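Engineer: Got a structure for you, questions after.
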Amino acid sequence: MKYANYIILTLLLGLAFLLKEHINISTNLLSLFASEESIKKLNIASKLGYSKEMLIAVKGFDNSSKTKLLELSKKLNKLDGIKSVQSTLTPSKKQLDYYKKNYPLLTSFNDEIQNAQSIREKLQNSYNEMTTNIFYSNIDKNDPLKLFNLERKKTSLSHKGEYLALGGYGYLMRVSTDVSASDISKAKILYEEVNSILNEYSDVVAFAPFFYTVENSTKIKADVKWIILLSSIVLILIYYILIKNIRLLSHTLLALFSSMVSATLVSTMLYPNFNVLSLAFGMSITAVSIDYLLHYYFHNFYQDKSIVDKNVLYGFLTTTVAFGIFSLIPIPIISQISFFAVLSLSFAYFLFTFIFKKLNISEYRQDAVISSKSKKLSSSTFFIFSLMLISFSIYNLSLDNNIRNLDYQNTKLINTENFFKSSIKTNLKPVIIQAKSKDELMNNLHLLHYELPSSFSLASFVQDKKSCEKRRKLLQNYDFSNLNTILNIEASKIGFRDSYFKDAYSFTKDIPKCKIPNLEIFNSYNLYIYNDKSTYYTMAFIDDMSKASIFSFVSDIDVKKMFSQQADKMYDDLALYSSLVITAVFILLFFSVKTKFLYALNYIIFPSSFVLAILSAIYTINLMHLFSLIILIAIGIDYGIYMSNTSKKSNTILAIRYSLLSTFAGFGVLAFSSIVALQSIGIVIILGVISIFILIRSQK
Amino acid sequence: MSKIIILIFSFLIANANTFNFTELRYSDALGSSMELHGEISFFKNGLSINYVDAKKTLQLNDSILTYKEDMQVVPLDEERSEQITQYLETVFLLHSGDNELLNSMFDIETINEKSILKPIGSISYFVSSIELSKDKNTIKEVKLFLKNSDEITIKIDNEIR
Numbered sequence: 001m002k003y004a005n006y007i008i009l010t011l012l013l014g015l016a017f018l019l020k021e022h023i024n025i026s027t028n029l030l031s032l033f034a035s036e037e038s039i040k041k042l043n044i045a046s047k048l049g050y051s052k053e054m055l056i057a058v059k060g061f062d063n064s065s066k067t068k069l070l071e072l073s074k075k076l077n078k079l080d081g082i083k084s085v086q087s088t089l090t091p092s093k094k095q096l097d098y099y100k101k102n103y104p105l106l107t108s109f110n111d112e113i114q115n116a117q118s119i120r121e122k123l124q125n126s127y128n129e130m131t132t133n134i135f136y137s138n139i140d141k142n143d144p145l146k147l148f149n150l151e152r153k154k155t156s157l158s159h160k161g162e163y164l165a166l167g168g169y170g171y172l173m174r175v176s177t178d179v180s181a182s183d184i185s186k187a188k189i190l191y192e193e194v195n196s197i198l199n200e201y202s203d204v205v206a207f208a209p210f211f212y213t214v215e216n217s218t219k220i221k222a223d224v225k226w227i228i229l230l231s232s233i234v235l236i237l238i239y240y241i242l243i244k245n246i247r248l249l250s251h252t253l254l255a256l257f258s259s260m261v262s263a264t265l266v267s268t269m270l271y272p273n274f275n276v277l278s279l280a281f282g283m284s285i286t287a288v289s290i291d292y293l294l295h296y297y298f299h300n301f302y303q304d305k306s307i308v309d310k311n312v313l314y315g316f317l318t319t320t321v322a323f324g325i326f327s328l329i330p331i332p333i334i335s336q337i338s339f340f341a342v343l344s345l346s347f348a349y350f351l352f353t354f355i356f357k358k359l360n361i362s363e364y365r366q367d368a369v370i371s372s373k374s375k376k377l378s379s380s381t382f383f384i385f386s387l388m389l390i391s392f393s394i395y396n397l398s399l400d401n402n403i404r405n406l407d408y409q410n411t412k413l414i415n416t417e418n419f420f421k422s423s424i425k426t427n428l429k430p431v432i433i434q435a436k437s438k439d440e441l442m443n444n445l446h447l448l449h450y451e452l453p454s455s456f457s458l459a460s461f462v463q464d465k466k467s468c469e470k471r472r473k474l475l476q477n478y479d480f481s482n483l484n485t486i487l488n489i490e491a492s493k494i495g496f497r498d499s500y501f502k503d504a505y506s507f508t509k510d511i512p513k514c515k516i517p518n519l520e521i522f523n524s525y526n527l528y529i530y531n532d533k534s535t536y537y538t539m540a541f542i543d544d545m546s547k548a549s550i551f552s553f554v555s556d557i558d559v560k561k562m563f564s565q566q567a568d569k570m571y572d573d574l575a576l577y578s579s580l581v582i583t584a585v586f587i588l589l590f591f592s593v594k595t596k597f598l599y600a601l602n603y604i605i606f607p608s609s610f611v612l613a614i615l616s617a618i619y620t621i622n623l624m625h626l627f628s629l630i631i632l633i634a635i636g637i638d639y640g641i642y643m644s645n646t647s648k649k650s651n652t653i654l655a656i657r658y659s660l661l662s663t664f665a666g667f668g669v670l671a672f673s674s675i676v677a678l679q680s681i682g683i684v685i686i687l688g689v690i691s692i693f694i695l696i697r698s699q700k
Numbered sequence: 701m702s703k704i705i706i707l708i709f710s711f712l713i714a715n716a717n718t719f720n721f722t723e724l725r726y727s728d729a730l731g732s733s734m735e736l737h738g739e740i741s742f743f744k745n746g747l748s749i750n751y752v753d754a755k756k757t758l759q760l761n762d763s764i765l766t767y768k769e770d771m772q773v774v775p776l777d778e779e780r781s782e783q784i785t786q787y788l789e790t791v792f793l794l795h796s797g798d799n800e801l802l803n804s805m806f807d808i809e810t811i812n813e814k815s816i817l818k819p820i821g822s823i824s825y826f827v828s829s830i831e832l833s834k835d836k837n838t839i840k841e842v843k844l845f846l847k848n849s850d851e852i853t854i855k856i857d858n859e860i861r
């Protein structure tokens, strides 16, 4: 049995190697905090090109800036992940063909009956303009009377001549890509290709949502690696100093590693997108299980004949019940971490309790009895003080519902994003429009356009069927043949070349049918259509959500709002599940310690109130702060049980102190992380450990 | 189309400050031509075009366009103003002789003293081609062939200063 830990770890690693294809680890932090409904909505939005746009600004409006703009446009157009590059307001050739073909239907039409006199007046005005004006002017041989007028599409984008402009900064390029923020491999390739092009130029700024994916994921991976390394080094050092037994140390490390591997294997295979952040945090929680070993070791459990130690069992059960309840919470990050913790702590408990018993671990010999001369306070004093701290916290408490604040704060990119947002100054927000068919979709867009005339959507380019048919009928009933005859007679009289207008208005002969065109030609305006089995979707850009919300076919995709609503829901869920956990912990505590209930309860209530009071005085409290508090409760309850039921108090205190040191090393290092979520956990645990030290030292 | 005319001016003015020019506009609709005379001047941040006989002047300074008739400022409609501004800015490009940018905007083919410029971008929707005639590296004549079969010829008369 002395090689049991080596065999178990080897088997687990072999299993991990065999199953490596099935291990899925995600680095998309936001997916941890979004509801399923939001994710579904964002997926549809992503298929409609939302957040796939890249903005590039070239500083200045001089010739060299224009050269850069044109060169960049050419180079970017050649890249695989790029669908279109728009740097001017000029329509594409396909769009022009569409306008040409559907000209009589898309333009406004002056249907007043024209007579010889009105025709003569109009032609004479044009003639005078052409022969006297210093500005060149011409006459349209197809529509010399200007009966048809194609209105210029109003755009919210500023421009300098025909070129798009980013306020007063310089020229702007809107690049449509097929890379979504969640597609890390594609995002990385395009990010590198784009940057290798942009690096050739000075004074060029670029931003795309997928830049966050690439930059943050690289940073997060590096951060997590560093944290794991730092934590491992500190833990190994501490374990060695504490245990001073190389054999026991090596077995302990093997057991912890096996627990982490087993939990990783199960979690990453059961969850389709188990997150790297949950993994890092879950591994840190595994280190907490060292307290089982320390308790066993300092109480010489491995020399006893008893199968289990009641105190450790109660502690383990309480902790796993707490995490078990949290693993059911509908907040992905908390449920993932809790699930991982249940698995790894159970595995560690099994190894430390049953396998280590067979390892013939040498007996612990106490060097000296620890005696404290400091003045002690009663349990009730601590309890009252804790209640005061809680009151103080409630008074100062403010909750942060911006989940993005938990992510790695990529300040440089956030500033670039804000720079583009503030310079573009558009008040149009995207919404998803849905319908059962393409015709219904166009109809819905026109209903929206009617309610919000400044909205921008496919309705800005494509008519609805009803108005189209009405126009067709009007044109079919208009006598263009007679108009052409009078026109040619009058034109000759004024001085226009004979038969120059012989084909005038012939474009009204074959009016196209009212059919929805190939809408892909409007992709360059960021307008796409997507359909699943039964529903068609597109995007519209509107300036007043309250007016649009009267339509059931409109869905808001304001990410900030979506996530803050989700955060509020998370706080509610957390409150509910925390109450369940606290109730369960109270019941288990009562059965474990009975008369020393208040004494043990202080190990929960004092650390929580101490941490909350400090946090609420200094920080805005986030979800991870609250979750870490729950972890603290789970740790505190173990110590409460150990301290209440101990037969050898000095040994128990020693075990707890060493355990706290290891928790400090395991979690405390998270405070050095640049990911706010991890940093928050680190801060809470450090404060919590300090408060438990105070309790051990000062509670009577 | 007025912007096109301004574009052509730019070919006439390299390395000079003020020119006299003659503009010949052929209208396919009328089957006849019209002749105009004027001056074009360059300064640090802009340029001005002066049709002396008509007493009409266009001036672009720091991207701000001003149109004057009889020394009085006359507002232009937004669309026309945008077009003129855009093309007057192109004049700067041509005046600066920025071949890099010219090559980005046109396919240029040179045979002896003549160069044919075929527009690549949006100008190609209105202009078929531009023909430049040179004499000892000095541009003497520019012909503009429009999509509607109109033609505009600019002849450089002399450099004033």
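As given, the protein sequences belong to chains A and B, one line each in that order. With our numbering applied, the first sequence covers 1 to 700. With our numbering applied, the second sequence covers 701 to 861. In this text, a Cβ means the ideal position worked out from N, Cα and C, and glycines have one as well. A quick note: this is a predicted structure, and the numbers were derived from the prediction, not measured.
Looking at A:K429 and A:M539, is the spacing between their C-beta atoms short of 8 Å?
Structural biologist: No, the Cβ-Cβ distance between A:M539 and A:K429 is not below 8 Å.
Engineer: Enumerate in chain order the residues of its own chain whose CB-to-CB distance from A:S393 is below 6 Å, with the five nearest sequence positions on each side excluded.
Structural biologist: Hits under 6 Å: L612, A613, S616.
Engineer: Using a cut-off of 7 Å between C-beta atoms, extract the partners of A:N131 located in chain B.
Structural biologist: In the sequence as displayed, the identity of residue 131 of chain A is Thr instead of Asn. Chain B residues near A:T131: M734.
Engineer: Quick one, are the C-beta atoms of A:L487 and A:F501 less than 8 Å apart?
Structural biologist: Contact flag set, yes.
Engineer: Take A:M570 and list the residues in its own chain whose beta-carbon comes closer than 7 Å to its own, dropping the five residues that flank it on each side.
Structural biologist: Closer than 7 Å at the Cβ level, and outside the excluded window around A:M570, lie I331, L623.
Engineer: Below 8 Å between beta carbons: does that hold for B:L801 and A:T67?
Structural biologist: Yes. Within cutoff.
Engineer: Does DSSP put A:Q699 in a helix, in a strand, or in coil?
Structural biologist: Three-state DSSP puts A:Q699 in a strand.
Engineer: How do the segment 551-564 of chain A and the segment 597-610 of chain A stand: do at least 3 beta-carbon pairs fall below 8 Å, yes or no?
Structural biologist: Verdict: no, contact absent.
Engineer: Indicate the three-state DSSP secondary structure (helix, strand or coil) for A:H299 in the structure shown.
Structural biologist: Of the three classes helix, strand and coil, the one that applies to A:H299 here is coil, per DSSP.
Engineer: A:F461 CB to nearest chain B CB: under 8 Å?
Structural biologist: Output row for A:F461: interface = no.
Engineer: Between which two residues does the alpha helix (DSSP H) holding A:N602 run?
Structural biologist: Looking at the DSSP string, the run of the alpha helix (DSSP H) that includes A:N602 is 597-618.
Engineer: Tell me, please, which residues DSSP counts as bridged to B:T810.
Structural biologist: Beta-bridge pairing links B:T810 to B:S815.
Engineer: So which of A:T485, A:L687, A:L105, A:I290 has the shortest CA-CA distance to A:F350?
Structural biologist: With distances taken between Cα atoms, A:F350 lies closest to A:I290.
Engineer: Kindly indicate the opening and closing residues of the alpha helix (DSSP H) around A:K75.
Structural biologist: Segment 63-77, the alpha helix (DSSP H) holding A:K75.
Engineer: What residues in the segment 478-504 of chain A bring their beta carbon closer than 8 Å to a beta carbon of chain B?
Structural biologist: For the segment 478-504 of chain A, which is checked against every Cβ of chain B, the residues closer than 8 Å are G495, F496, R497, Y500.
Engineer: Give, in chain order, every residue of the segment 846-857 of chain B whose Cβ lies closer than 9 Å to some Cβ of chain A.
Structural biologist: Those would be L846, N848, D850, I852, in chain order.
Engineer: Starting from the beta carbon of B:I746, find every residue of chain A whose beta carbon is closer than 7 Å, and list them in chain order.
Structural biologist: In the sequence on display, residue 746 of chain B carries Gly and not Ile. Within 7 Å Cβ-Cβ: nothing; B:G746 doesn't reach chain A, min ~13 Å.
Engineer: According to DSSP, what are the bridge partners of A:F522?
Structural biologist: According to DSSP, which records beta bridges pairwise, A:F522 is partnered with nothing at all.
Engineer: So which residues on chain B does A:T88 lean against when the C-beta distance must stay under 8 Å?
Structural biologist: Going along chain B in sequence order, the residues near A:T88 (Cβ under 8 Å) are G821, S822.
Engineer: Cβ closer than 8 Å: which chain A residues qualify as neighbours of B:Y751?
Structural biologist: The contacting residues are I134.
Engineer: Quick one: what's got a C-beta closer than 8 Å to A:Q566's C-beta in the same chain, skipping five residues either side?
Structural biologist: Within the same chain, A:Q566 has close Cβ partners F33, A34, S35, S38, I403.
Engineer: Of all the CB atoms in chain B, is at least one closer than 8 Å to the CB of A:I233?
Structural biologist: No, its Cβ sits nowhere closer than 8 Å to a Cβ of chain B.
Engineer: With a CB to CB cut of under 7 Å and the five nearest residues on each side skipped, what residues in its chain are close to A:S158?
Structural biologist: The residues are A165, G167.
Engineer: Can you give me the C-alpha to C-alpha distance between A:V214 and A:I184, rounded to a whole angstrom?
Structural biologist: So the alpha carbons of these two residues sit roughly 7 Å apart.
Engineer: Rounded to the nearest angstrom, what separates A:I649 and A:S628 at their Cα positions?
Structural biologist: Sequence inspection shows Lys at residue 649 of chain A; the Ile mentioned does not correspond to that position. Taking the straight line from one Cα to the other gives about 28 Å.
Engineer: Compute the distance between the beta-carbons of A:A181 and A:E53, then report whether it is under 8 Å.
Structural biologist: No, they are not a contact pair.
Engineer: Give me the residue from A:F352, A:T353, A:A348, A:A322 with the minimum Cα distance to A:S338.
Structural biologist: Closest by alpha carbon: A:A322.
Engineer: Between which residues of its own chain and A:A341 is the CB-CB distance below 7 Å, once the five residues before and five after are set aside?
Structural biologist: Same-chain partners within the cutoff: G282, I285, F323.
Engineer: How is B:D835 classed by DSSP in three states: helix, strand or coil?
Structural biologist: Three-state DSSP puts B:D835 in a strand.
Engineer: Please classify A:N418: is it buried, with 16 or more other beta-carbons within 10 angstroms of its beta-carbon, or exposed?
Structural biologist: So A:N418 ends up on the exposed side.
Engineer: Taking only three categories from DSSP, how would you classify A:K502?
Structural biologist: The answer is coil: DSSP assigns A:K502 none of H, G, I, E or B.
Engineer: Exposed or buried, which one is A:Q434 when buried takes at least 16 other CB atoms within 10 Å?
Structural biologist: It counts as buried.
Engineer: What in chain A is Cβ-close to B:T785, meaning under 8 Å?
Structural biologist: Here the neighbours are G161.
Engineer: Contact criterion: CB-CB distance below 8 Å. Does A:F274 meet it with respect to chain B?
Structural biologist: No, no contact with chain B.
Engineer: How should B:K814 be labelled, buried or exposed, when 16 other C-beta atoms within 10 angstroms of its C-beta is the threshold for buried?
Structural biologist: B:K814 is exposed by the Cβ-count criterion.
Engineer: I want to see whether chain A comes within less than 8 Å of B:L760, judged by CB atoms only; does it?
Structural biologist: Taking Cβ atoms only, chain A never reaches closer than 8 Å to B:L760, which makes this a no.
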